[in-house]
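The sequence shown begins at 1 in full-length UniProt numbering and counts up one residue at a time.
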Amino acid sequence: MKFALIYIVVVIALIVGVNQWLTVPFFAQQKPKKIINPQFEKKIASQTTNDTTSLEYHYQLLTYHFGKPAYQATPTANIYRNDKAIELYYRRYANYKNDDLRDIGHLGLGIIYFHKKQWQESGEAFDKIKNKSRRYISNARGEYYLEVGAVWVAEKLFKQEIKLRGAVDKAHQNLIKALSRQQKWKELDQLLHLPKNKAYLAQTDPDILAYMYFSQGKVLSYVQVRLRLKTNTIAIIASWLITMVWLVYLMRIKCFAKPAYTLWLGCFVGAVLSTFLAFPLYDYYHLKLGFYPTGGVFNDFLYCIAAIGLIEESVKFLPVIIILWLFPKSIKEPIDYILLASVAALGFAATENLLYLAKDTANIIHHRAFFSVVSHLFDSSVIAYGLVLARYRLSKRPMWLQGLLYWGLAACAHGFFDFWLINPIARFFFLFTFGFMVLSMALWMSFMNNALNISPVFDDQKVFNSDHLKRFLVVSLTIILLFDYVSTALLKGAEVANTELNDTLVFALFFMGFLSTSLANFDLVRGHWQPLYKTSFFKKPNYNYLIGKKIQLSSRQSPEVEEFFPQPLTIGTRLVFDDETTYFRLDLPAPVTITSHTVETLVLFVKYKNERPKYNENMGVRLFLMDLLESENLNNTILRKDKLNFWIAASACLVE
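As structure tokens, then:
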């Protein structure tokens with residue numbers, strides 16, 4: 001209760017503070033946004049001519065108009081750009097008898113339809129132009145052909161525009177795009193040798209230069225371009241914060257032995273570096289194989305698995321393979337496989353976060369923390385769990401074969417997750433991604449739970465407190481959410497921050513609640529392999545709380561219970577009978593004879609819901625007998641239920 005109160009007060013205080021002191025962006029280099037006139041203007045300050053019969057005059061009008069934002073948000077309403085007036089204006093020109101004026105009208109309509117993405121109407125308007133070999137017309141038509149896929153035609157038109165000295169800057173930018181799409185790298189290289197043309201490259205796709213160097217085999221130049229990371233302070237802090245939260249979480253999972261911090265650091269740094277191997281692999285797929293997302297359902301689904309999944313799971317797991325090869329004795333317990341894979345996933349995600357957050361930090365910091373990073377953790381752990389099974393459960397199968405199989409499963413899981421976010425049709429069914437993430441988190445917990453259960457250094461006294469772990473996750477994920485909120489307020493002001501928080505609040509609260517509950521949902525029982533189909537999405541009772549506690553047994557139906565056991569008994573190790581995990585060992589001070597059985601150990605069965613039993617409060621239990629011979633088998637902790645002999649139902653209460 002005290003924790004909840006402090007938590008609520010701090011969150012409210014921070015939100016109030018932001019709205020009190022950050023009504024104006026703190027980093028206010030940008031002046032308050034001026035509303036741009038959304039109407040069609042026939043006179044603009046940047047005009048180089050006032051001749052209304054010239055193509056130059058009209059091209060500048062059209063470029064200026066469509067350079068305005070499609071809509072502008074104001075405190076009262078959204079203001080939309082007026083495209084109707086400009087369309088009517090050029091329709092009138094298209095109806096003039098003079099050929100030159102009609103060409104102006106058709107040029108204007110072609111550009112208008114182009115910006116409205118009405119490709120057929122745009123092409124028809126351009127086709128009606130009689131004199132197509134004039135300045136500005138070539139560039140406009142070239143942009144249309146570039147968009148509809150006739151790249152070779154577009155290239156010819158852009159070169160013609162440059163010769164005519166019309167829209168030279170725009171034509172150069174478009175020519176760079178056309179040459180790169182046709183992979184005419186030699187010609188593009190010659191074009192970019194001119195210093196003035198390099199400036200145009202920055203205004204197009206920055207990846208074009210990397211594509212050119214990759215195709216030409218210029219390794220050093222390619223590496224230099226790919227290693228240029230554009231980032232900012234907020235992106236660096238956010239990436240570091242997200243990484244540290246999940247690293248501390250993984251450290252807390254390693255409860256039976258100390259983490260090998262040096263190996264973890266090496267694995268993390270190795271994953272950060274190996275992330276850059278994804279670039280040449282993606283470039284090979286795109287440039288050499290011609291395999292990239294097209295918007296088609298089948299193509300994109302295959303791409304997400306065979307490209308994204310295979311590439312990213314390979315480069316993520318590479319540092320783990322190297323560590324296992326160089327330091328095979330570093331694996332002391334099964335959980336080490338999963339934790340090493342998770343650390344590698346965090347290294348990959350840290351670099352990926354820098355790339356994404358550098359583009360725009362608004363409203364995506366907590367999405368990266370809640371969604372993307374957690375997905376990477378699960379996918380890498382799929383491969384690691386395959387190695388755990390190969391070494392500790394399915395030892396007859398070669399470990400490399402098991403690892404290869406689970407590597408394929410990890411790639412499929414990764415691709416399936418990304419498909420519903422990438423494909424334009426699949427995005428309408430994005431709830432599949434949410435559902436898959438919920439399932440994957442529950443499975444990840446089962447992976448770690450099973451790995452901890454079979455640890456050779458399992459110790460009931462070192463089992464961590466799930467409630468403490470849950471509290472850590474609640475606080476940590478809240479800090480990330482609030483950092484997202486405050487950073488948005490610093491950059492854009494409290495009003496924008498409040499809007500973005502409201503837009504994402506339901507999502508954030510759901511995943512904070514889900515992650516903090518499911519990722520602390522451990523039930524550790526020595527030697528128990530929980531079937532994955534029994535994965536639980538809900539909080540499990542903490543039965544380990546009872547280990548080492550003293551109980552007083554009593555029974556109204558059988559008073560002899562109190563005669564046999566007048567003193568409290570100590571609850572021992574948890575036992576498993578046919579996958580039932582709520583049995584405990586009760587060692588007796590001395591052997592007793594019960595129903596002709598001489599026993600020195602009882603088996604206690606107890607079941608309760610989420611609330612822990614309180615001291616001096618009765619709870620229903622069942623007692624089972626095992627004879628001296630069978631009781632020796634209790635050291636195995638995993639037994640068959642037919643070895644149990646029910647004795648009596650009784651009451652038990654915890655005592656000091």
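C-beta: ideal position from N, C-alpha, C; glycine also.
- Task: Output the distance between the C-alpha atoms of I236 and A257, rounded to the nearest integer angstrom.
- Result: 32 Å
- Item | Extent of the continuous alpha helix (DSSP H) to which F417 belongs | M399 to I422
- Item | Under 8 Å between C-beta atoms of I638 and S558 | no
- Task: Give me whichever residues DSSP pairs with R135 in a beta bridge.
- Result: In the DSSP output, where bridge partners are listed per residue, R135 has none listed.
- Measure the C-alpha to C-alpha separation of T361 and T243 and round it to an integer number of angstroms. Confidence in T361 is poor, its pLDDT being 49 and thus under 50, which makes the residue's placement too unreliable to answer from.
- Task: Drop a sphere of 10 angstroms on the beta-carbon of Q20, count the other beta-carbons inside from all chains shown, and report buried for 16 or more, exposed for fewer.
- Result: exposed
- Query: Do you know whose CA, among T63, Y64, H65 and Y80, lies nearest Y71's CA?
  - Reply: Y80
- Message: Taking DSSP's pairing of strands, which residues face L625 in a bridge?
- Response: L602 and N645
- Name the DSSP bridge partner or partners of M619? A652
- Item | For T488, the three-state DSSP class (helix, strand or coil) | helix
- Can you tell me where the alpha helix (DSSP H) with Q190 in it begins and where it stops? W185 to L192
- Roughly how far, in whole angstroms, is the beta-carbon of L146 from the beta-carbon of A125, given that I think they are within contact range, below 8 Å? At roughly 16 Å, the Cβ-Cβ gap does not stay under 8 Å, so L146 and A125 are not in contact.
- Query: Mind checking A202: buried by the 16 CB within 10 Å criterion, or exposed?
  - Reply: exposed
- Task: Counting only the same chain and skipping the five closest in sequence on each side, list residues whose C-beta sits under 6 Å from that of Y285.
- Result: F291 and A307
- Item | Own chain partners of T49 with C-beta closer than 6 Å, once the 5 adjacent residues on each side are dropped | E56 and Y57
- Residues near S46 in its chain [Cβ-Cβ closer than 8 Å; skip 5 each side]: Q60 and Y64
- Please report how far the alpha carbon of L389 lies from the alpha carbon of I454, in whole angstroms. 11 Å
- Message: Suppose only complete runs of 3+ residues qualify. What are the beta strand (DSSP E) ranges in the stretch 517-569, listed by chain order?
- Response: 550-554
- Message: I want to know whether the stretch 437-456 touches the stretch 377-388 - three or more CB-CB distances under 8 Å.
- Response: yes
- When burial is assigned at 16 or more other CB atoms within 10 Å of the CB, is T488 buried or exposed? buried
- Message: Using only the alpha-carbon positions, how far apart do D100 and K68 sit?
- Response: 27 Å
- Query: The alpha helix (DSSP H) with I323 in it runs from where to where?
  - Reply: L310 to L326
- Nearest-angstrom Cα distance between K539 and S518? 7 Å
- Task: Within 10 angstroms of the Cβ of D523, are there 16 or more other Cβ atoms? Answer buried if so, exposed if not.
- Result: buried
- Item | Distance between beta carbons of F317 and A350, contact taken as under 8 Å | That pair is no contact at about 16 Å.
- Task: Could you pull the start and end residues of the beta strand (DSSP E) that P591 belongs to?
- Result: E580 to I594
- On the DSSP bridge assignment, give the partners of V576 in chain order. I638
- Message: Just verifying my parser: in three-state terms, what is the DSSP assignment at I571?
- Response: strand
- Query: Taking the alpha-carbon positions, what's the H414 to L477 distance?
  - Reply: 23 Å
- Task: Compute the distance between the beta-carbons of W246 and V373, then report whether it is under 8 Å.
- Result: yes
- Message: To the nearest angstrom, how far is the alpha carbon of L289 from that of A210?
- Response: 17 Å
- Message: Can you list, in chain order, the residues of its chain with a C-beta nearer than 6 Å to that of K329? Leave out the 5 residues immediately preceding and following it.
- Response: none
- Message: DSSP three-state label for A73, please.
- Response: strand
- Task: Kindly list the residues whose CB is nearer than 8 Å to the CB of A4, restricted to its own chain and excluding five residues on each side of it in sequence; keep chain order.
- Result: none
- Query: Is it the case that the CB of S651 approaches a heavy atom of the ligand GTP more closely than 7 Å?
  - Reply: The ligand GTP is absent from the structure shown, which contains no ligand whatsoever.
- Task: Quick one: measure Cβ to Cβ for G572 and L586, integer angstroms, because I've assumed they're closer than 8 Å.
- Result: 6 Å
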